[in-house]
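Please read the structure below before turning to the comments.
There are 6 protein chains.
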Amino acid sequence: MNSDQVKLVPGNSLITKTPEEGRQLAIKLARLVIKAIQPDAATRERPRPVYADDPAMLVAIGHTVAVKFATIAAANRYWNA
Amino acid sequence: MNSDQVKLVPGNSLITKTPEEGRQLAIKLARLVIKAIQPDAATRERPRPVYADDPAMLVAIGHTVAVKFATIAAANRYWNA
Amino acid sequence: MNSDQVKLVPGNSLITKTPEEGRQLAIKLARLVIKAIQPDAATRERPRPVYADDPAMLVAIGHTVAVKFATIAAANRYWNA
Amino acid sequence: MNSDQVKLVPGNSLITKTPEEGRQLAIKLARLVIKAIQPDAATRERPRPVYADDPAMLVAIGHTVAVKFATIAAANRYWNA
Amino acid sequence: MNSDQVKLVPGNSLITKTPEEGRQLAIKLARLVIKAIQPDAATRERPRPVYADDPAMLVAIGHTVAVKFATIAAANRYWNA
Amino acid sequence: MNSDQVKLVPGNSLITKTPEEGRQLAIKLARLVIKAIQPDAATRERPRPVYADDPAMLVAIGHTVAVKFATIAAANRYWNA
Numbered sequence: 001m002n003s004d005q006v007k008l009v010p011g012n013s014l015i016t017k018t019p020e021e022g023r024q025l026a027i028k029l030a031r032l033v034i035k036a037i038q039p040d041a042a043t044r045e046r047p048r049p050v051y052a053d054d055p056a057m058l059v060a061i062g063h064t065v066a067v068k069f070a071t072i073a074a075a076n077r078y079w080n081a
Numbered sequence: 101m102n103s104d105q106v107k108l109v110p111g112n113s114l115i116t117k118t119p120e121e122g123r124q125l126a127i128k129l130a131r132l133v134i135k136a137i138q139p140d141a142a143t144r145e146r147p148r149p150v151y152a153d154d155p156a157m158l159v160a161i162g163h164t165v166a167v168k169f170a171t172i173a174a175a176n177r178y179w180n181a
Numbered sequence: 201m202n203s204d205q206v207k208l209v210p211g212n213s214l215i216t217k218t219p220e221e222g223r224q225l226a227i228k229l230a231r232l233v234i235k236a237i238q239p240d241a242a243t244r245e246r247p248r249p250v251y252a253d254d255p256a257m258l259v260a261i262g263h264t265v266a267v268k269f270a271t272i273a274a275a276n277r278y279w280n281a
Numbered sequence: 301m302n303s304d305q306v307k308l309v310p311g312n313s314l315i316t317k318t319p320e321e322g323r324q325l326a327i328k329l330a331r332l333v334i335k336a337i338q339p340d341a342a343t344r345e346r347p348r349p350v351y352a353d354d355p356a357m358l359v360a361i362g363h364t365v366a367v368k369f370a371t372i373a374a375a376n377r378y379w380n381a
Numbered sequence: 401m402n403s404d405q406v407k408l409v410p411g412n413s414l415i416t417k418t419p420e421e422g423r424q425l426a427i428k429l430a431r432l433v434i435k436a437i438q439p440d441a442a443t444r445e446r447p448r449p450v451y452a453d454d455p456a457m458l459v460a461i462g463h464t465v466a467v468k469f470a471t472i473a474a475a476n477r478y479w480n481a
Numbered sequence: 501m502n503s504d505q506v507k508l509v510p511g512n513s514l515i516t517k518t519p520e521e522g523r524q525l526a527i528k529l530a531r532l533v534i535k536a537i538q539p540d541a542a543t544r545e546r547p548r549p550v551y552a553d554d555p556a557m558l559v560a561i562g563h564t565v566a567v568k569f570a571t572i573a574a575a576n577r578y579w580n581a
């Protein structure tokens, strides 16, 4: 697999130096999976104002980031072991 | 069980070489379970424009992929052990 | 407990030979719990067209299967240990 | 704590003999927590037809049972250790 | 941190004697976090009839209690180790 | 990474002294990820009355805090090991 094909996990690794970078990675994973499901940029971007204004949507996105971050934190043994 | 009967888990394994492939597998598992619940392709494909345009749906699919990926990541010991 | 009373977990075990069978079990558990909550078949089947046509419902069912599969995968030590 | 006060966990234990009983316990925990939040039986039962007819509700209940079952299965080391 | 400042976790501990008390704690944590997000009692209590009558809401609260209980059960090693 | 860039995890650590502080951190993480997704303060604050009045929203926020707290509790080995 060459780097051109890596589209879902930046750097193809769950390991990060710190919790902060782990959370940044969780947000990126959330965005990249949306991109994979809906590869057409115009269609994908169209509902963007909806995300921004809809509090339910912001909470839902925050929730899915929480689940991804749980996986990343486990992969990094919570950065404290 | 012969390979014709394997319809829910490609390759019948949760093990992947990399996180990137792990996330690809998570997306495939999400699609294959929908296919198993609704085997009629015409019916299944009909709501496809809904997925593409509805931001809530995209977030929900991303969320279910996150849960599947958590299982795959644990199966692969987070690709770092 | 005799086999007649086993209605929620086929074979009364979470152990399966392969990931494919693990996912089949996860789908069965999802169906059997619905059956236990709503034992009247006519009532239970009535909303079936709703499931089939509603993409949000298909995604929600896929999500609950994902959580059940996580438990089954852990029970089977991810089929790789 | 005497047995009269035990209202949320039957037998005050998560340990069951089999997966089947584990799932029965998960369904009971789901019902008992609703009872604790809404102790008035008349009010609690009123929406019951809604549960029975609404497929989204059946799926949501199935999902919360799945999360409770995950905890019970872990408590019982998946009945296979 | 003195006890006046402890507002989110009663007793500032996840350890309980029994599963029953663990579930009571899970319900309390669910209530206290709502209180922290919406500290105005009048506003917070206003929607209370909605909770009581809306089956979807009861199921949703039961679900969030399930997730909190999973954490508490793990903290207590499922009360059986 | 200097402290100016740390915007998602206060103190860039999941370790807290007590469960109470762990839950405070969980609430902060929930807020900071919303801030990262919607960096415009005016837009972000606009739906605030919606959160405060909508019981479904309060429950949803409580749920996402529960998932974040699960990760933090595991990182701290449940404050009892």
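Sequences listed follow chains A, B, C, D, E and F, in order.
Note that the numbering used here numbers the first sequence so that position 57 is 57, with each residue one more than the last.
Note that the numbering used here numbers the second sequence so that position 38 is 138, with each residue one more than the last.
Note that the numbering used here numbers the third sequence so that position 4 is 204, with each residue one more than the last.
Note that the numbering used here numbers the fourth sequence so that position 11 is 311, with each residue one more than the last.
Note that the numbering used here numbers the fifth sequence so that position 11 is 411, with each residue one more than the last.
Note that the numbering used here numbers the sixth sequence so that position 7 is 507, with each residue one more than the last.
Glycine is no exception: its CB is placed at the ideal position from the N, C-alpha and C atoms.
- Among the residues of the region 561-573 of chain F, those with a Cβ less than 8 Å away from any Cβ of chain A are Ile561, His563, Thr564, Val567, Lys568, Ala570 and Thr571, in the order of the chain.
- Only residues of its own chain outside the window of five on either side were considered, and among them Val265 have a CB closer than 7 Å to the CB of C:Ile227, listed in chain order.
- Counting C-beta atoms within 10 angstroms of its own C-beta, F:Asn576 has 16 or more neighbours from the protein chains shown and is therefore classed as buried.
- The beta-carbon separation of E:Thr416 and E:Ile472, rounded to 7 Å, stays under the 8 Å limit for a contact.
- Take the alpha-carbon of A:Arg44 and the one of A:Leu29: they are about 16 Å apart.
- Rounded to the nearest angstrom, the Cβ distance from B:Met157 to C:Val259 is 7 Å, consistent with a contact under 8 Å.
- By the criterion of a C-beta distance shorter than 8 Å, E:Gly422 is surrounded in its chain by Thr416, Phe469, Ile472, Ala473, Asn476 and Trp479, once the five residues flanking it on both sides are discounted.
- Residue environment: E:Pro439 is assigned as exposed (fewer than 16 neighbouring CB atoms within 10 Å of its CB, all protein chains considered).
- Among the residues facing chain E, F:Arg544 is not included, as its CB has no counterpart in that chain under 7 Å away.
- Here D:Pro319 is near C:Leu214, since their CB atoms are less than 7 Å apart.
- For C:Arg277, there is no enclosing alpha helix (DSSP H), as DSSP marks it with neither H nor E.
- One finds Met57, Ala60, Ile61 and Thr64 in chain A with Cβ atoms closer than 7 Å to the Cβ of B:Val159, taken in chain order.
- When secondary structure is reduced to three states using DSSP, E:Ile415 falls in the coil class, being assigned neither helix nor strand.
- Chain order gives no chain D residues near E:Thr416, where near means a beta carbon separation below 8 Å; the closest approach is about 10 Å.
- Excluding sequence positions up to five before and after E:Ala442, its CB lies less than 7 Å from no other CB in the same chain.
- Chain D places no beta carbon closer than 7 Å to that of E:Pro410, leaving this residue out of the contacts.
- Contact with chain C is absent for D:Arg331, since none of that chain's Cβ atoms lies less than 7 Å from the residue's Cβ.
- Here D:Gln324 really is in contact with C:Leu208; their C-beta atoms are around 6 Å apart, less than 8 Å.
- Among the CB atoms of chain C, none fall inside 7 Å of the CB of B:Ile127.
- Proximity of chain E to D:Ala375 at the Cβ level (cut-off 7 Å) is accounted for by Ala473, Tyr478 and Asn480, in chain order.
- By the criterion of a C-beta distance shorter than 7 Å, A:Val33 is surrounded in its chain by Leu8, once the five residues flanking it on both sides are discounted.
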